[in-house]
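First comes the structure, then the notes that go with it.
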Amino acid sequence: MKKQVKILLLALAAVCLLTACKKEEGALEVYTLGESGEDTVVSLDSLLEEGEAILFSVDAPTDKAISEKLDISHTYHYRQMDDPALLAERYVKVLMGAEQGFTVIDAENHRVTAEPALNTLTGEVILGKVATATTEDGGSRIFRVVVGWSEYALAIQVTYVDGRILAPVEPEVPEEPEEAPPTSVSEQRDYFKSLNPERIGLEGDDMDDYEVFPQQGWVLVDGISCREINVYLQDARNATNVYMGTYYLSSDLSTLYQKTEDGEIVLLPLD
């Protein structure tokens with residue numbers, strides 16, 4: 058299907074084959090599909106001011122193609138206009154109006170919720186609505202209109218596509234990274250005991266002389282889940298513990314805070 062849509066833009070730069078190209082006499086009021094004209098859409102001709110653009114050629118199926126019940130489409134080529142993109146925008150907005158009832162779709166017939174890009178030098182917009190005509194076995198069809206433009210020309214293709222207009226494609230939601238489970242009390246205590254005392258404002262070469270008491274539960278510091286840890290210095294002479302300070306260690310062991318004598322909580326660099 059994508060290939061079929063791309064053909065429309067390629068046709069803007071090509072000269073149509075005489076065997077499959079018909080000249081239309083006079084301005085067209087509507088574009089028609091179906092043997093009895095079951096499905097029609099307002100033509101670009103009906104919106105044009107005199108001399109604004111010229112219907113240059115029409116690509117239409119041959120009688121044999123119709124008799125063989127092949128996929129039927131008509132493509133209308135317009136030239137000699139000041140701004141093909143601006144003219145395409147005007148026509149697309151008419152098709153999207155309540156009277157015509159078309160909606161923007163993608164190449165796989167999913168409804169598109171975003172506004173179509175119409176302010177580009179070249180481009181195309183695909184529109185569709187439920188067709189009146191059905192397939193031979195009574196199945197649904199889409200009446201599709203593709204508006205394509207280049208720097209110097211504009212083309213409009215009307216065709217049937219079997220099937221229904223589908224719901225918009227849901228954007229992919231990135232998966233949330235799995236958070237590591239919080240460390241246990243014993244893991245936090247062991248990590249804290251492995252730190253260099255001088256780096257956290259304590260004296261000594263190691264933490265062997267200190268008692269570390271992690272508290273149960275978590276507290277938030279700067280929006281980070283931390284465990285409160287109270288540190289005491291063992292006084293062997295008096296068999297007592299001297300309070301040395303309070304720290305807050307994050308659940309992933311990456312961040313450490315210290316409570317100052319003024320009660321302020323400050324970040325301690327661990328690197």
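According to our numbering, the stretch in the sequence shown is residues 58 to 328, in order.
Just so you know, even glycine gets a beta-carbon here, dropped at the ideal spot from N, CA and C.
Owing to the predicted nature of the structure, the values given are computational and were not obtained by experimental measurement.
- [ ] Go ahead and label E81 buried or exposed: buried means 16 or more other beta carbons lie within 10 angstroms of its beta carbon, across all protein chains shown.
- [x] Bear in mind that a pLDDT of 46 at E81, under 50, signals an unreliable position, so the model cannot answer this.
Task: Limits of the beta strand (DSSP E) - the one that Q214 falls within - done: That run of the beta strand (DSSP E) goes 211–219.
Task: Three CB pairs or more closer than 8 Å across the segment 140–155 and the segment 222–230 - done: The segment 140–155, when compared against the segment 222–230, does not touch it at the 8 Å Cβ threshold.
- [ ] Can you have a look at E181 and say buried or exposed, based on whether 16 or more other CB atoms are within 10 angstroms of its CB?
- [x] So E181 counts as buried.
Task: Simplified DSSP assignment, three categories, for D292 - done: It is a strand residue.
Task: Rounded straight-line distance, which links the Cα of P118 to that of E156 - done: Going from the Cα of E156 to the Cα of P118 covers about 28 Å.
Open item on the list: Considering only the alpha carbon of each residue, which of L306, R256, L175, S207 lies closest to P271?
Closed with: Comparing Cα positions, the closest option is L306.
Open item on the list: Taking DSSP's pairing of strands, which residues face I257 in a bridge?
Closed with: DSSP, once it has assigned bridges, lists no residue as partnering I257.
- [ ] Work out the CA separation of A224 and K79 for me, nearest whole Å.
- [x] Low per-residue confidence applies at K79: pLDDT is 44, beneath 50, and the placement is therefore not dependable enough to give any value.
TODO: Using 10 angstroms around the beta-carbon of T132, count the other beta-carbons present and answer buried if the total reaches 16, otherwise exposed.
DONE: A residue is called buried when at least 16 other Cβ atoms come within 10 angstroms of its Cβ; T132 meets this threshold and is buried.
TODO: Report yes or no: do the segment 279–291 and the segment 240–260 share at least 3 C-beta pairs separated by less than 8 Å?
DONE: Contact between the segment 279–291 and the segment 240–260 is present, because at least three Cβ pairs lie under 8 Å.
TODO: For the segment 235–242 and the segment 183–201, state whether three or more C-beta atom pairs, one from each stretch, are separated by less than 8 Å.
DONE: A contact between stretches requires three or more CB pairs, one per stretch, nearer than 8 Å, and the segment 235–242 fails this requirement with the segment 183–201.
TODO: Determine the extent of the alpha helix (DSSP H) in which D247 is found, giving its start and end residues.
DONE: Secondary structure note for D247: its alpha helix (DSSP H) is the uninterrupted segment 242–250.
Open item on the list: Just verifying my parser: in three-state terms, what is the DSSP assignment at L104?
Closed with: DSSP places L104 within a helical segment (H, G or I) once states are collapsed to three.
Task: Same chain, Cβ closer than 7 Å to F159, neighbours up to 5 away in sequence not counted - done: Here the set comprises L152, M153, L184, G185, K186, V202.
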